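S.K.: These protein sequence lines are chains A and B, in that order.
Here full-length UniProt numbering is used: the first residue of the first sequence is 1, the next is one more, and so on.
Here full-length UniProt numbering is used: the first residue of the second sequence is 1, the next is one more, and so on.
Here a beta-carbon is modelled for each residue, glycine too, at the ideal position from N, C-alpha and C.
Since the model is a prediction, treat every value here as computed from it, not as a measurement.
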Amino acid sequence: MTTPLLSARNIRRIYEVPGRLFEKSARVHALDDISFDLRAGRTLAVVGESGSGKSTLARILSLLEEPDGGEIVVAGEDTRTRSQEIRKRQRSTVQMVFQNPYGSLNPRKSVGRIMEEPLFVQGFGPAQVRAERARAMLAKVGLRPEHYWRFPHMFSGGQRQRIAIGRALMLTPKIVIADEPVSALDISIQAQILNLLMDLQEEFGLSYLFISHDLSVVRVIADEVLVLYYGRLMEFGSRDAIFSNPRHPYTRTLLAAAPTISFEPEPVVLDVKVSEPPSAFALPKGCVFHPRCPMARDICREVRPEVRNVEDRLVACHFAEQRP
Amino acid sequence: MAYLDVRNLSVSFPTARGYARVVEGLDLTLDEGEILGIVGESGSGKSVSALAILGLLPPDSRVTADVMRFGTHDLLALSTRARRRVVGQDMSIIFQDPMASLNPCFTVGWQIDETLRIGRMRGRGRRRDRVIELLQQVGIPAPEKRLSAYPHQLSGGMNQRVMIAMAIARNPRLLIADEPTTALDVTVQKQILDLLSKLQRDTGMSLILISHDLGVLARTAHRVMVMYAGEGVEEAETRALFTSPQHPYTRALLDALPEHAGAHRRLPTIPGLVPPLGARPESCIFGDRCRLVAPICREGRPAFESHGPHRRVRCHFPAHRLDLREEAHLVHAR
Numbered sequence: 001m002t003t004p005l006l007s008a009r010n011i012r013r014i015y016e017v018p019g020r021l022f023e024k025s026a027r028v029h030a031l032d033d034i035s036f037d038l039r040a041g042r043t044l045a046v047v048g049e050s051g052s053g054k055s056t057l058a059r060i061l062s063l064l065e066e067p068d069g070g071e072i073v074v075a076g077e078d079t080r081t082r083s084q085e086i087r088k089r090q091r092s093t094v095q096m097v098f099q100n101p102y103g104s105l106n107p108r109k110s111v112g113r114i115m116e117e118p119l120f121v122q123g124f125g126p127a128q129v130r131a132e133r134a135r136a137m138l139a140k141v142g143l144r145p146e147h148y149w150r151f152p153h154m155f156s157g158g159q160r161q162r163i164a165i166g167r168a169l170m171l172t173p174k175i176v177i178a179d180e181p182v183s184a185l186d187i188s189i190q191a192q193i194l195n196l197l198m199d200l201q202e203e204f205g206l207s208y209l210f211i212s213h214d215l216s217v218v219r220v221i222a223d224e225v226l227v228l229y230y231g232r233l234m235e236f237g238s239r240d241a242i243f244s245n246p247r248h249p250y251t252r253t254l255l256a257a258a259p260t261i262s263f264e265p266e267p268v269v270l271d272v273k274v275s276e277p278p279s280a281f282a283l284p285k286g287c288v289f290h291p292r293c294p295m296a297r298d299i300c301r302e303v304r305p306e307v308r309n310v311e312d313r314l315v316a317c318h319f320a321e322q323r324p
Numbered sequence: 001m002a003y004l005d006v007r008n009l010s011v012s013f014p015t016a017r018g019y020a021r022v023v024e025g026l027d028l029t030l031d032e033g034e035i036l037g038i039v040g041e042s043g044s045g046k047s048v049s050a051l052a053i054l055g056l057l058p059p060d061s062r063v064t065a066d067v068m069r070f071g072t073h074d075l076l077a078l079s080t081r082a083r084r085r086v087v088g089q090d091m092s093i094i095f096q097d098p099m100a101s102l103n104p105c106f107t108v109g110w111q112i113d114e115t116l117r118i119g120r121m122r123g124r125g126r127r128r129d130r131v132i133e134l135l136q137q138v139g140i141p142a143p144e145k146r147l148s149a150y151p152h153q154l155s156g157g158m159n160q161r162v163m164i165a166m167a168i169a170r171n172p173r174l175l176i177a178d179e180p181t182t183a184l185d186v187t188v189q190k191q192i193l194d195l196l197s198k199l200q201r202d203t204g205m206s207l208i209l210i211s212h213d214l215g216v217l218a219r220t221a222h223r224v225m226v227m228y229a230g231e232g233v234e235e236a237e238t239r240a241l242f243t244s245p246q247h248p249y250t251r252a253l254l255d256a257l258p259e260h261a262g263a264h265r266r267l268p269t270i271p272g273l274v275p276p277l278g279a280r281p282e283s284c285i286f287g288d289r290c291r292l293v294a295p296i297c298r299e300g301r302p303a304f305e306s307h308g309p310h311r312r313v314r315c316h317f318p319a320h321r322l323d324l325r326e327e328a329h330l331v332h333a334r
């Protein structure tokens, strides 16, 4: 096996929420002991519901935020380095695409200027070369050369997302972190953007860290799937392992709840017992999922399950070997 | 006779360049106790149609229809005041974002109580009992304790349950749910959809469920209307619509769903863009993006024609009559 392009070991991120007068401040474990590898040219999807830590993970891997513990190695170099030169290089290796293309493009800058901005920041240049590169990239993401002078408000949501993807690729990164890149788009546009992402991956050999709450999208684009719940790893394995043979009850719950247009009888209908997810400030003892888990027993209320190898995947459940 | 009967509904909004048609010639019918799903991409006019039925559009919008009947009420003939009474009493709506719909300054108990007060329900104690009963009905645990909770103290799913409680407080005969689960997580989404189905069965009310997500409608709606750029293009019973779609747009939309694709397979897409407001053609609205387009499609709008029971399609060449298209081409060639 080749060395991973990015590897994360025991990532921890704790947010401190200041308490009001005479109150203790509260701590939220947004990410708790998360480890995984991202290999070259592959797509790792991170799935989970709101509050699962998906976006925190995206920010940490994009080097926008520091973890409170653990280490991240990008292309063989630890991100905790003090060397400005290495930091700068890492920042051009990892680029981001965000969910909302209406919020992520500066409305006062032309498309050309937006695309050239990363080159500018990295001191790439002369201006003419930058402009040439931007024009070439416009073609790659399916836009026309005359779009260079236009402004973001003149584009539809799908076109804006193309601009955002183009901007992310300007520095020829190896890794693109995409945080819900198609969630704000209509179905027909979503299909176009997913196709574009797959085409660009093949052409440039990109690795994607693809964050999504939509399992049907993940099923198309992912090689491996990491399931998070309240900042903890629930299950991590290949796409087939997760979709065809999920072992964690939470993964099964997610799959059963996903809306589908298929009229086949539902395979296993798992009912989430208590309707309410817990508060992030007062996570349950033992396994975080136990209050909603249909398989929960005494041990789940007391002992936090270790992340362990079961068959072909990692899973954090005491009863991963059992079927419901 | 249908409980809700809307025929040839058109809505236009004023723009800098005159009035722009947002909804054009929409026919909607709904029986008592039926769940109608309306699906469409953004800008297809699904929310605007719902608001037009409720009479909640801004006063400068133009709403016209041949028929707009709800139960025994002729909504077109009613005065604004009388219509408002019908809307408060018999028709109700819930919106996408519960956090934005609830008032952050008042407790949820107070806000549900307000609905009952406006409905002239007497007696504070009786109202309180009714609020608790409603909260129980929408599946909120320990309702007595939740009465004094503010919206920010509850999760998104719980707040949507509160919205539903308010909407059904006066036993409406029609509930419109406009993207009720779009802001929610999948596990919560499923619970809210199950709740809406259950309430519909228990009370026998009619339900219009608006969503951009075909999967949300597939398991819940009895019948589905597909909208595109302000027009209804296909209507059928849910299962029939998903298993044998007839309109080229419906077929393209279903094909573009990631759930059909294999790993790393490219998804079929729909070429081109939705025609912008103010530049919508008089001919077939989908013509410019359609694989099947023929000369006849450029000559005026196809009728919303019946093809079997409960199925209407606005297309000259629905999937079960593709032979027609061959003929059309032959005629044209001659």
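According to DSSP, simplified to helix, strand and coil, what is T56 (chain A)?
M.R.: Mapped onto the first sequence, residue 56 (chain A) falls at position 56. Note: T56 (chain A) maps to helix in three-state DSSP.
S.K.: Less than 8 Å between the CB atoms is what I'm expecting for M170 (chain A) and M137 (chain A), so what's the real figure, rounded?
M.R.: To locate residue 170 (chain A), count along the first sequence from 1; it is residue 170. To locate residue 137 (chain A), count along the first sequence from 1; it is residue 137. About 6 Å separates the two Cβ atoms, so the contact holds.
S.K.: Can you give me the C-alpha to C-alpha distance between L4 (chain B) and T72 (chain B), rounded to a whole angstrom?
M.R.: What you label residue 4 (chain B) is simply residue 4 of the second sequence in a count that begins at 1. What you label residue 72 (chain B) is simply residue 72 of the second sequence in a count that begins at 1. Cα to Cα, the separation comes out at about 10 Å.
S.K.: State yes or no: is the beta carbon of H152 (chain B) nearer than 9 Å to at least one beta carbon in chain A?
M.R.: As a first step, residue 152 (chain B) must be located in the second sequence, where it is residue number 152. No - not a single Cβ of chain A is within 9 Å of the one on H152 (chain B).
S.K.: At 9 Å on the CB atoms, spell out the chain A contacts of K46 (chain B), in chain order.
M.R.: Counted from its first residue, the second sequence places residue 46 (chain B) at position 46. Ordered by position in chain A, no residue passes the 9 Å Cβ test against K46 (chain B), which lies about 12 Å from the chain.
S.K.: Helix, strand or coil for G215 (chain B)? Go by DSSP, reduced to three states.
M.R.: Here residue 215 (chain B) refers to the residue found at position 215 when the second sequence is read from its first residue. DSSP places G215 (chain B) in helix when its eight states are reduced to three.
S.K.: Between Q96 (chain B) and the rest of its own chain, which residues show a CB-CB distance below 8 Å, the 5 nearest in sequence each way excluded?
M.R.: Residue mapping note: residue 96 (chain B) aligns to position 96 of the second sequence, counting from 1. Excluding positions up to five away in sequence, the list reads D178, E179, P180, T182 and A183.
S.K.: Which residues of the segment 66-92 of chain B have a Cβ closer than 9 Å to any Cβ of chain A? Give them in chain order.
M.R.: So nothing in the stretch comes that close.
S.K.: From this set, A:H290, A:R113 and A:E16, which residue's C-alpha is nearest G281 (chain A)'s C-alpha?
M.R.: Position 281 of the first sequence holds residue 281 (chain A). According to the sequence displayed, residue 281 (chain A) carries Phe and not Gly. Here the closest residue by C-alpha is A:E16.
S.K.: Since I believe C290 (chain B) is in contact with P245 (chain B) (beta carbons under 8 Å), could you give me their beta-carbon distance rounded to a whole number of angstroms?
M.R.: Residue numbering aside, residue 245 (chain B) sits at position 245 when the second sequence is read from its first letter. Residue numbering aside, residue 290 (chain B) sits at position 290 when the second sequence is read from its first letter. With 8 Å as the limit, P245 (chain B) and C290 (chain B) do not qualify as a contact, their Cβ atoms being about 14 Å apart.
S.K.: Say yes only if the C-beta of M115 (chain A) is nearer than 8 Å to one or more non-hydrogen atoms of the ligand MG, and no if none qualify.
M.R.: Inclusion of the ligand MG in the displayed structure is not the case, the ligand content being empty and no account of it being possible.
S.K.: With H, G and I counted as helix, E and B as strand and the rest as coil, what does DSSP make of L134 (chain B)?
M.R.: As a first step, residue 134 (chain B) is located in the second sequence; it is residue number 134 there, counting from the start. Helix.
S.K.: What in chain B is Cβ-close to P191 (chain A), meaning under 9 Å?
M.R.: Against the first sequence, residue 191 (chain A) aligns to sequence position 191. The sequence shown places Ala at residue 191 (chain A), not Pro. The contacting residues are D255, A256, L257, P258, A261, R266, L267, P268, T269 and I270.
S.K.: Which value, in whole angstroms, describes the spacing of the CA atoms of S207 (chain A) and F106 (chain B)?
M.R.: Along the first sequence, read from residue 1 onward, the residue named residue 207 (chain A) stands at position 207. Along the second sequence, read from residue 1 onward, the residue named residue 106 (chain B) stands at position 106. Approximately 48 Å between the Cα atoms of the pair.
S.K.: Within 10 angstroms of its Cβ, does G166 (chain A) collect 16 or more other Cβ (buried), or is it exposed?
M.R.: Your numbering for residue 166 (chain A) matches position 166 in the first sequence. That one is buried.
S.K.: Taking only beta-carbon positions, decide if R219 (chain B) is within less than 9 Å of chain A.
M.R.: Stepping through the second sequence from its first residue, residue 219 (chain B) is reached at position 219. By this cut-off, R219 (chain B) is an interface position.
S.K.: Per DSSP, L174 (chain B) forms a beta bridge with which residues?
M.R.: In the second sequence, the residue the question calls residue 174 (chain B) occupies position 174. The partner list for L174 (chain B) (beta bridge, DSSP) reads B:M91 and B:S206.
S.K.: Does the segment 248-257 of chain B come within contact of the segment 53-66 of chain B, defined as at least 3 CB pairs closer than 8 Å?
M.R.: Short answer: they don't touch.
S.K.: Pick out the complete beta strand (DSSP E) segments inside the segment 128-204 of chain A, 3 residues or longer, and give them in chain order.
M.R.: DSSP runs (the beta strand (DSSP E)) wholly in the segment 128-204 of chain A: 175-179.
S.K.: By how many angstroms is the C-alpha of R160 (chain A) removed from the C-alpha of A178 (chain A)?
M.R.: By one-based count along the first sequence, residue 178 (chain A) stands at place 178. By one-based count along the first sequence, residue 160 (chain A) stands at place 160. Cα-Cα distance, rounded: 14 Å.
S.K.: By the criterion of Cβ-Cβ separation under 7 Å, what are the contact partners of R195 (chain A) in chain B?
M.R.: The count along the first sequence starts at 1 and reaches residue 195 (chain A) at position 195. A small fix is needed here, since residue 195 (chain A) is Asn in this sequence, not Arg. Neighbours of N195 (chain A) on chain B, chain order: R266, L267 and T269.
S.K.: Closer than 8 Å by beta-carbon distance: list the chain A residues that pair up with Q189 (chain B), in chain order.
M.R.: Your numbering for residue 189 (chain B) matches position 189 in the second sequence. The answer, in chain order, is A257 and P259.
S.K.: With 7 Å as the limit, tell me which residues of the segment 33-58 of chain B have their beta carbon closer than that to any beta carbon of chain A; keep them in chain order.
M.R.: Within the segment 33-58 of chain B, the residues whose Cβ lies closer than 7 Å to some Cβ of chain A are E41 and S42, listed in chain order.
S.K.: With DSSP as the reference, label G157 (chain B) as helix, strand or coil.
M.R.: Start at 1 with the first residue of the second sequence, and residue 157 (chain B) comes out as number 157. Looking at G157 (chain B) - three-state DSSP - the assignment turns out to be helix.
S.K.: Which residues of chain B have a Cβ atom closer than 8 Å to the Cβ of H153 (chain A), listed in chain order?
M.R.: In the first sequence, counting from the first residue as 1, residue 153 (chain A) sits at position 153. Within chain B, no residue comes near H153 (chain A); the closest Cβ sits about 14 Å away, beyond 8 Å.
S.K.: Give me the chain B residues within the contact set of P4 (chain A), using Cβ-Cβ distance strictly less than 7 Å, ordered along the chain.
M.R.: The residue given as residue 4 (chain A) occupies position 4 in the first sequence. The contacting residues do not exist; P4 (chain A) stays about 20 Å from chain B at best.
S.K.: Please classify F309 (chain A) as buried or exposed, where buried requires at least 16 other C-beta atoms within 10 Å of its C-beta.
M.R.: Along the first sequence, one-based indexing puts residue 309 (chain A) at 309. According to the sequence provided, residue 309 (chain A) is Asn. The question's Phe does not apply to it. It counts as exposed.
S.K.: Can you tell me whether G109 (chain B) is buried or exposed? The criterion is at least 16 other CB atoms within 10 Å of its CB, across all chains shown.
M.R.: For the purposes of this step, residue 109 (chain B) is taken as the residue at position 109 of the second sequence. With 16 or more Cβ atoms within 10 Å of its Cβ, G109 (chain B) is classed as buried.
S.K.: Can you tell me whether S79 (chain B) is buried or exposed, with buried defined as 16 or more other CB within 10 angstroms of its CB?
M.R.: Locating residue 79 (chain B) in the second sequence gives position 79, counting from the first residue. Exposed, because fewer than 16 other Cβ atoms sit within 10 Å of the Cβ of S79 (chain B).
S.K.: Give the DSSP-derived three-state secondary structure of H29 (chain A) in the structure shown.
M.R.: Reading the first sequence from its first residue, position 29 is the one you call residue 29 (chain A). Three-state result, H29 (chain A): strand.
S.K.: I want to verify the contact list: residues of chain A whose CB lies under 9 Å from the CB of R239 (chain B), in sequence order.
M.R.: Counting from 1 along the second sequence, the entry for residue 239 (chain B) is found at position 239. Simply F263.
S.K.: At the level of alpha carbons, what is the spacing between Y102 (chain A) and G157 (chain A)?
M.R.: If you number the first sequence from 1, residue 102 (chain A) lands on position 102. If you number the first sequence from 1, residue 157 (chain A) lands on position 157. So the two alpha carbons sit approximately 7 Å from each other.
S.K.: Would D74 (chain B) and L174 (chain B) be called neighbours here (beta carbons separated by less than 9 Å)?
M.R.: As a first step, residue 74 (chain B) must be located in the second sequence, where it is residue number 74. As a first step, residue 174 (chain B) must be located in the second sequence, where it is residue number 174. No, Cβ-Cβ distance for D74 (chain B) and L174 (chain B) is not below 9 Å.
S.K.: Mind listing, in chain order, the continuous alpha helix (DSSP H) runs of no fewer than 4 residues lying wholly within the segment 211-256 of chain A?
M.R.: Listed in chain order, they are 215-221 and 239-244.
S.K.: Could you tell me the alpha carbon to alpha carbon distance between L160 (chain B) and I94 (chain B), rounded to whole angstroms?
M.R.: Numbered from its first residue, the second sequence carries residue 160 (chain B) at position 160. Numbered from its first residue, the second sequence carries residue 94 (chain B) at position 94. Position check: residue 160 (chain B) holds Gln in this sequence, whereas Leu was assumed. Rounded to the nearest angstrom, the two C-alpha atoms are 8 Å apart.
S.K.: Here's the rule: buried if 16 or more other CB atoms are within 10 angstroms of the residue's CB, otherwise exposed. What is T243 (chain B)?
M.R.: Numbered from 1 along the second sequence, position 243 holds the residue referred to as residue 243 (chain B). The residue in question, T243 (chain B), is exposed, as its Cβ has fewer than 16 Cβ neighbours within 10 Å.
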